[in-house]
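What follows is a single structure, written as structure tokens, with notes after it.
There are 2 protein chains.
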Amino acid sequence: MTALEPTFHPRWARTVADLEPRPATGGGRAAISFAYGLPDPALFPTEALNAAAGIVLREQSDRALQYGAGQGLPQLINVLVERLNRAEGLAIRPDGCMITAGAGQAIAVVGRALLDPGDTVLVETPAWPGALNAFRRCGARLVAVPVDAAGLDTGALGQTLETLAAEGTQPKLLYTVPNFQNPTGVTTTLARRQALLDLARRYDFVILEDDAYRDLAFEGALPPSLFALDPDGRVLRTGTYSKILAAGLRLGWLLGPREVLPRLIALKDDGGTSPFTSYLAATYSLAGELEPHIARLVASYRRKRDVMLAALDRYFPRSVTWTVPAGGFFVWVTLPPGTDAADLLRAAREEGVDFLPGRSCFPDPQAGTSHLRLAFSLPTPDQIEEGIKRLGGVLDSALG
Amino acid sequence: MTALEPTFHPRWARTVADLEPRPATGGGRAAISFAYGLPDPALFPTEALNAAAGIVLREQSDRALQYGAGQGLPQLINVLVERLNRAEGLAIRPDGCMITAGAGQAIAVVGRALLDPGDTVLVETPAWPGALNAFRRCGARLVAVPVDAAGLDTGALGQTLETLAAEGTQPKLLYTVPNFQNPTGVTTTLARRQALLDLARRYDFVILEDDAYRDLAFEGALPPSLFALDPDGRVLRTGTYSKILAAGLRLGWLLGPREVLPRLIALKDDGGTSPFTSYLAATYSLAGELEPHIARLVASYRRKRDVMLAALDRYFPRSVTWTVPAGGFFVWVTLPPGTDAADLLRAAREEGVDFLPGRSCFPDPQAGTSHLRLAFSLPTPDQIEEGIKRLGGVLDSALG
């Protein structure tokens, strides 16, 4: 009558064996972790969220604790769309927006809607591993498009598209993070954004723009989003509250043509994003808390970025190079050719420091060995200084 | 520079045109709605959740507002597994449990893990439309297995399996709600549960047991779950906090073999279920609030069930029959042959009453026309009495 230890049934092996168990993430076990793009918990607006929770549960519990609309909470959609329209001079309507459990779910939903096994997806490279894995789960063929200091390399993209066309392949989708890219931190220039849209029109593919870091701009204005520059409805744009409010609420969004979005809702498979956490974010925003909070985040993350760049200058060997991000969470490090970041990670962990080896950011699992990603979002400035100093020591020993 | 009204791009039509826009749900526009299995907001434990939110945000905000584990919050998994083990004499370990955004997400994830387009899924019929749609999105072929007053008809299932075997088809999965089934309210007997497990072993398929209503038992004990009766790890069991705590938190769970569950986590695509709402449910449970709350729910829903059955006896014509659920949210009504419930719905709405026509509960979209589902969970007892009276009038007119 009791199910003690269900034995492994061989039937499963045929069906799920090729699904990789998901590695445990979190803060990492190292004392100083640069491994994940985790927001700084010291910056969570705990008191304001507690106040918002009280308001929601007193005044909106009938709806906040009930099933909600598949598209998302109308109040959150309205406040979000108004913010985007005001900040960027857009005219998005509420029916062009869907609430998701972070940008990651939006990416997965777009993949499931568009991709059949064998379809080709163009991915900026290096890329956020979560996006690569989402497209892999759709059975897609991933084709790398390089990123350099000016962002997505549209010259190389044009050549790739020509080659693909010559072999009779039409890519369905291109994935890119144009602002403060994960993992490199670079921003794609306006000219390249326009060149990308021209190529998308010429070769007829859809662009998925992941704009998770737009609000964390440390220096001046950004170019308009691809979504804003797109005249013909071929750009879907996703964003998230994970970096600017709280990742634990699992709130993100997807913008797209109003003819397309309603058809994506059922693919979320989650019965609608939590009305409760959506009400929290909407109430928090309507109280005028979000903009001053983002200003505090920008000041804090800018300082961490500055501390990391200064420490890299001080402690890293001359043969190592890195990007200089103007916002976001990440610095991308390039080691001398032939150096494997995975080997360094073992030594770094012995020193109590953690980072992400670059390999997981490449569609080709054998590529990217001489790169690593450093997230400056989580550690304190003192930890950043100390962690980079220790990493510098590891590099000095390894590069001899 | 601004994206005003993105025009519909023809490329989308080829890829998402076959995805049905999701119909808007919610309370329904009728004054008295029997249409959806919505919990009664008057029963939401608002104050206790507000207290829990205060505790979580004061004491756990570093983790509750941060990214969490893909498997789900360990504290919630522990309290959930302990509750199931205690109540049912099981020995589930935490690594045999995953937190999901309701049971619906668990069903979708299992479908995506197991099903390739063209695969055959056995579905109890009538069934919850959400499950049917999840399997349809996987491209599965749905084969109906009838449900009668004793639950899933395992005699008919045996014949169906023989027929399928003769044509060389091996079903991968069977979906069933054995307790207080949605939409019929019936419960599968112990003998039939054992017969089902025998057939699953003989024909080698996996069972997905949706146990969303187990805690809402109005009369006496239930047979053990299929998961508990299964000796060889071929049953996955899902459940939800949506009916016993708050649907708006989007919390459910999936139990299964420890060798299988880790491989399903990445398929959730949501970056892990919200740590914040998970901490709320765990804190609420650890405070000892859940069991007395469920006792209050059972008393209230039992009374609504009683009021509905008495009103059906009083107001419905003799040619109409219905099920007598011993728990859950639903009564299933059978009209005389040739009557179309969709036609009645128009007349009912004019009387301010809403229900779910049975058709959406059948794999064959042309079947089930002479059935309808009545949910007694949302309206007050007075509304139930009044609504059934009005529906009885509509039936009297229609059936003449």
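Protein chains in written order, with the numbering used here: chain A, 906 to 1305; chain B, 906 to 1305. Don't be surprised by glycine CBs; every beta carbon is placed ideally from N, CA and C. Since this is a predicted model, take the numbers as computed values, not measurements.
- Length of the line joining the Cα atoms of Leu1195 of chain A and Ala969 of chain A: Here the question's residue 1195 of chain A lines up with position 290 in the first sequence. Here the question's residue 969 of chain A lines up with position 64 in the first sequence. One C-alpha to the other measures close to 20 Å.
- Message: Does Gly1292 of chain B pass the burial test, meaning 16 or more other C-beta atoms within 10 Å, or should it be called exposed?
- Response: Walking along the second sequence from the start, residue 1292 of chain B turns up at place 387. Its Cβ being crowded by 16 or more others within 10 Å, Gly1292 of chain B is buried.
- Query: Does the beta carbon of Arg1000 of chain A sit closer than 8 Å to a beta carbon anywhere in chain B?
  - Reply: Here the question's residue 1000 of chain A lines up with position 95 in the first sequence. The amino acid occupying residue 1000 of chain A in the given sequence is Asp; Arg does not appear at that position. It does not; no Cβ of chain B falls within 8 Å.
- Out of A:Ala1096, A:Ala1117, A:Gly1009, state which residue places its alpha-carbon closest to the alpha-carbon of Val1082 of chain A. Position 177 of the first sequence, counted from the start, is the residue given in the question as residue 1082 of chain A. For Val1082 of chain A, the nearest C-alpha among the options comes from A:Ala1117.
- Message: Quick check: is the beta carbon of Asn955 of chain B nearer than 8 Å to any beta carbon in chain A?
- Response: Taking the first residue of the second sequence as position 1, residue 955 of chain B is located at position 50. Yes, contact with chain A.
- Item | Three-state class that DSSP yields for Val1258 of chain A in the structure shown | On the first sequence, residue 1258 of chain A is found 353 positions in, with the first residue counted as 1. Val1258 of chain A falls in the strand class under three-state DSSP.
- Mind pulling the chain B residues with CB within less than 8 Å of Ala958 of chain A? To locate residue 958 of chain A, count along the first sequence from 1; it is residue 53. Neighbours of Ala958 of chain A on chain B, chain order: Asn955, Ala958, Gly959, Leu962.
- Task: Check the Cβ-Cβ distances between Gln971 of chain B and every residue of chain A, and say whether any is below 8 Å.
- Result: One-based indexing of the second sequence puts residue 971 of chain B at position 66. Yes - at least one Cβ of chain A is within 8 Å of the one on Gln971 of chain B.
- Query: Closer than 8 Å, CB to CB, is Asp1116 of chain B near chain A or not?
  - Reply: The count along the second sequence starts at 1 and reaches residue 1116 of chain B at position 211. For Asp1116 of chain B, the answer is no, since every Cβ of chain A falls outside 8 Å of its Cβ.
- Identity of the residue in A:Asp1259, A:Ser1302, A:Ser1265 nearest Ile1289 of chain A by Cα: As a working mapping, residue 1289 of chain A is identified with position 384 in the first sequence. The option with the nearest alpha carbon to Ile1289 of chain A is A:Asp1259.
- Task: Starting from the beta carbon of Phe949 of chain B, find every residue of chain A whose beta carbon is closer than 7 Å, and list them in chain order.
- Result: Residue mapping note: residue 949 of chain B aligns to position 44 of the second sequence, counting from 1. Within chain A, the residues near Phe949 of chain B are Ser966, Leu970.
- Query: Closer than 8 Å, CB to CB, is Gly1023 of chain B near chain A or not?
  - Reply: Here residue 1023 of chain B corresponds to residue number 118 of the second sequence, with the count starting at 1. No, Gly1023 of chain B lies away from the interface with chain A (no Cβ there is under 8 Å from its Cβ).
- Message: Taking 8 Å as the threshold (beta carbon to beta carbon), is Ala1216 of chain B in contact with chain A?
- Response: Counted from its first residue, the second sequence places residue 1216 of chain B at position 311. Cβ-Cβ to chain A under 8 Å: no for Ala1216 of chain B.
- Note the first and the last residue of the continuous beta strand (DSSP E) segment covering Gly994 of chain B. Numbered from its first residue, the second sequence carries residue 994 of chain B at position 89. Where Gly994 of chain B is concerned, there is no enclosing beta strand (DSSP E), given that its DSSP letter is neither H nor E.
- How about Gly1297 of chain A and Phe1221 of chain A: do their beta carbons lie closer than 8 Å? Numbered from its first residue, the first sequence carries residue 1297 of chain A at position 392. Numbered from its first residue, the first sequence carries residue 1221 of chain A at position 316. Against a cut-off of 8 Å, the Cβ pair of Phe1221 of chain A and Gly1297 of chain A comes out as a contact.
- Express the C-alpha separation of Pro1180 of chain B and Ala974 of chain B in angstroms, rounding to a whole number. Here the question's residue 974 of chain B lines up with position 69 in the second sequence. Here the question's residue 1180 of chain B lines up with position 275 in the second sequence. Answer to the nearest angstrom: the Cα atoms are 8 Å apart.
- Message: Quick check on DSSP: helix, strand or coil for Ser1183 of chain B?
- Response: On the second sequence, residue 1183 of chain B is found 278 positions in, with the first residue counted as 1. Of the three classes helix, strand and coil, the one that applies to Ser1183 of chain B here is helix, per DSSP.
- By Cβ distance, which residues of its chain are closer than 6 Å to Leu1027 of chain B, with the 5 residues on each side in sequence left out? Along the second sequence, one-based indexing puts residue 1027 of chain B at 122. These residues qualify, in order along the chain: Val1048, Val1050, Pro1076, Leu1079.
- Taking Leu1150 of chain A and Tyr1189 of chain A to be in contact with their CB atoms under 8 Å, please state how far apart those CB atoms are, rounded to whole angstroms. Mapped onto the first sequence, residue 1150 of chain A falls at position 245. Mapped onto the first sequence, residue 1189 of chain A falls at position 284. Sure, about 7 Å apart at Cβ, within 8 Å.
- Are the segment 1266–1274 of chain A and the segment 1031–1040 of chain A touching, with three or more C-beta to C-beta distances below 8 Å? yes
- Message: Whether or not the segment 1234–1245 of chain B and the segment 1269–1280 of chain B are in contact is what I'm after, with contact meaning three or more pairs of Cβ atoms, one per stretch, closer than 8 Å; do they touch?
- Response: yes
- Message: Taking the alpha helix (DSSP H) that Tyr1220 of chain B belongs to, which residues open and close that run?
- Response: Numbered from its first residue, the second sequence carries residue 1220 of chain B at position 315. Tyr1220 of chain B -> alpha helix (DSSP H) spans 1195–1220.
- Does the Cβ of Gln976 of chain A have 16 or more other Cβ atoms within 10 Å, making it buried, or fewer, making it exposed? By one-based count along the first sequence, residue 976 of chain A stands at place 71. The residue in question, Gln976 of chain A, is buried, as its Cβ has 16 or more Cβ neighbours within 10 Å.
- Alpha-carbon spacing of Val921 of chain B relative to Ile1170 of chain B, whole angstroms: For this step, residue 921 of chain B is matched to residue 16 along the second sequence. For this step, residue 1170 of chain B is matched to residue 265 along the second sequence. Per-residue confidence for Val921 of chain B stands at a pLDDT of 45, beneath the threshold of 50, marking its modelled position as unreliable; the derived number appears in the next sentence. If I take the Cα positions, the gap works out to 26 Å.
- For Pro1286 of chain A and chain B, any beta-carbon pair shorter than 8 Å? Your numbering for residue 1286 of chain A matches position 381 in the first sequence. No, Pro1286 of chain A does not count as interfacial toward chain B.
- So with Cβ pairs under 8 Å, would you call Gln1010 of chain A a contact of chain B? Residue 1010 of chain A sits at position 105 when you count from the first residue of the first sequence. True, the Cβ-Cβ gap to chain B drops below 8 Å.
- Helix, strand or coil at Asp1245 of chain A [DSSP, three-state]: By one-based count along the first sequence, residue 1245 of chain A stands at place 340. It is coil, neither helix nor strand.
- Item | Of the residues A:Arg998, A:Leu1172, A:Ile982, A:Ala992, the one placed nearest Val1015 of chain A, counting alpha carbons only | The count along the first sequence starts at 1 and reaches residue 1015 of chain A at position 110. For Val1015 of chain A, the nearest C-alpha among the options comes from A:Leu1172.
- Would you tell me roughly how many angstroms separate the C-alpha atoms of Pro928 of chain B and Thr1285 of chain B, rounded to the nearest one? Working through the second sequence from its first residue, we reach residue 928 of chain B at position 23. Working through the second sequence from its first residue, we reach residue 1285 of chain B at position 380. Only weak support exists for where Pro928 of chain B lies, its pLDDT of 43 falling under 50; the value from the coordinates is given anyway. Taking the straight line joining both Cα atoms gives about 25 Å.
- Identified DSSP bridge partners for Cys1002 of chain B: Counting from one through the second sequence, the residue named residue 1002 of chain B turns up at place 97. Answer is B:Leu1160, bridged to Cys1002 of chain B.
- At a Cβ threshold of 8 Å, is Asn1038 of chain B touching chain A? If you number the second sequence from 1, residue 1038 of chain B lands on position 133. It does; some Cβ of chain A falls within 8 Å.
- Message: Taking the straight line between their C-alpha atoms, what separation do you get for Trp1158 of chain A and Tyr972 of chain A?
- Response: Counting from one through the first sequence, the residue named residue 1158 of chain A turns up at place 253. Counting from one through the first sequence, the residue named residue 972 of chain A turns up at place 67. Answer to the nearest angstrom: the Cα atoms are 18 Å apart.
- Query: Any idea which residues DSSP pairs Ser1190 of chain A with across the strands?
  - Reply: In the first sequence, the residue the question calls residue 1190 of chain A occupies position 285. Per DSSP, none; premise fails for Ser1190 of chain A.
- With respect to the beta strand (DSSP E) encompassing Gly1009 of chain B, which residues constitute its N-terminal and C-terminal limits? Reading the second sequence from its first residue, position 104 is the one you call residue 1009 of chain B. Per DSSP, Gly1009 of chain B belongs to no beta strand (DSSP E); it is in the alpha helix (DSSP H), 1007–1019.
- Item | Rounded Cβ spacing between Leu1300 of chain B and Leu1249 of chain B (contact assumed at less than 8 Å) | Position 395 of the second sequence, counting from 1, holds the residue named residue 1300 of chain B. Position 344 of the second sequence, counting from 1, holds the residue named residue 1249 of chain B. Going by Cβ atoms, the distance from Leu1300 of chain B to Leu1249 of chain B rounds to 7 Å, so yes, they are a contact pair.
- Item | Outcome for Pro944 of chain A when other beta-carbon atoms lying within 10 angstroms are tallied against a minimum of 16 | Reading the first sequence from its first residue, position 39 is the one you call residue 944 of chain A. With 16 or more Cβ atoms within 10 Å of its Cβ, Pro944 of chain A is classed as buried.
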